[in-house]
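**Q** For the sequence shown, counting from 1, position 28 maps to 112 in the numbering used here; every step adds exactly one. A virtual CB, placed ideally from N, CA and C, is assigned to each residue, including glycine. In this text the structure is predicted, and so the values were computed from the model without any measurement.
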Amino acid sequence: MKTKWIESRGGPLLCADVVVAPYWKGRDASSIGASENDYIRACEQTDFLSKIPCADASVLVLGDEPMQSTFVERNGQIVIVRWIACKSYEEADSAIAALPSSLSSIEDEISYSITGGSIFMFDSAAILSEADLTTSISCSSGLYKVTTERYIDKGTFDFLVHRFQRI
Numbered sequence: 085m086k087t088k089w090i091e092s093r094g095g096p097l098l099c100a101d102v103v104v105a106p107y108w109k110g111r112d113a114s115s116i117g118a119s120e121n122d123y124i125r126a127c128e129q130t131d132f133l134s135k136i137p138c139a140d141a142s143v144l145v146l147g148d149e150p151m152q153s154t155f156v157e158r159n160g161q162i163v164i165v166r167w168i169a170c171k172s173y174e175e176a177d178s179a180i181a182a183l184p185s186s187l188s189s190i191e192d193e194i195s196y197s198i199t200g201g202s203i204f205m206f207d208s209a210a211i212l213s214e215a216d217l218t219t220s221i222s223c224s225s226g227l228y229k230v231t232t233e234r235y236i237d238k239g240t241f242d243f244l245v246h247r248f249q250r251i
């Protein structure tokens, strides 16, 4: 397995359904008519994973530190893996290949609706069409619960994991 890791330029990464992603305004404006632009609203999130409004729907903000992140599919689920610490990309790929089917949640789960059949991940400061680092993954439309878990092997690797579990 060769994963595609992306990172931001300092702010949080954002995950958005393919239908919602084009409405995200980044530093340019607010997609909901708020006084703060969308990027500032994303930066105000303090949890590892938050859901905030975007146009008539919502996006997921990967909060806390701006970590390298990737999408993978494990056991039929969409998973976001966020790099806290690891010695190499090869060791990260090995750890992800051995990712257990469940870990203990460290935050409350979030419900998220996917209508377009895929999700984009990109820097919250940008708009999708101008984001220089993006990744996406195909998925089934529907309502999901998204968990936040910690996957750690002391001295070897440490990742945050967000799983999309269909409801």
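Identify every run of the alpha helix (DSSP H) within the segment 142-191, keeping only runs that are complete inside it and at least 4 residues long; order them along the chain.
**A** 173-181
**Q** Just the C-alpha distance for residue 246 and residue 192, rounded to the nearest angstrom, thanks.
**A** 11 Å
**Q** If you run the structure through DSSP and keep just helix, strand and coil, what is residue 124?
**A** helix
**Q** Three or more C-beta pairs closer than 8 Å, one from the segment 195-205 and one from the segment 97-117: is that the case here?
**A** yes
**Q** Can you tell which of 143, 196, 233 has the C-alpha that lies nearest to the C-alpha of residue 212?
**A** 143
**Q** Three Cβ pairs or more, each shorter than 8 Å: is that satisfied between the segment 227-244 and the segment 163-172?
**A** Judged by Cβ distances under 8 Å, the segment 227-244 makes contact with the segment 163-172, as three or more pairs qualify.
**Q** By a C-beta neighbour count over all protein chains shown, 10 Å radius and 16 as the cutoff for buried, is residue 164 buried or exposed?
**A** buried
**Q** Looking at the structure shown, is residue 212 part of a helix, part of a strand, or coil, going by DSSP?
**A** helix
**Q** What whole-angstrom Cβ distance do residue 208 and residue 110 have, given they're in contact under 8 Å?
**A** 7 Å
**Q** Taking DSSP as the reference, what is the three-state secondary structure of residue 118?
**A** coil
**Q** Name the DSSP beta bridge partners of residue 129, please?
**A** None; residue 129 has no bridge partner.
**Q** Exposed or buried, which one is residue 92 when buried takes at least 16 other CB atoms within 10 Å?
**A** With 16 or more Cβ atoms within 10 Å of its Cβ, residue 92 is classed as buried.
**Q** According to the neighbour-count rule (16 or more other Cβ atoms, all chains shown, within 10 Å of its Cβ), is residue 215 buried or exposed?
**A** Taking all protein chains in view, the Cβ of residue 215 is crowded by 16 or more other Cβ atoms within 10 Å, so the residue is classified as buried.
**Q** How about residue 90 and residue 133: are their beta carbons less than 8 Å apart?
**A** no
**Q** Taking the alpha carbon of residue 199 as the reference point, which residue from 116, 162, 227 has its own alpha carbon closest?
**A** Considering only alpha carbons, the answer is 227.
**Q** Who pairs with residue 233 in a beta bridge, going by DSSP?
**A** 189, 245
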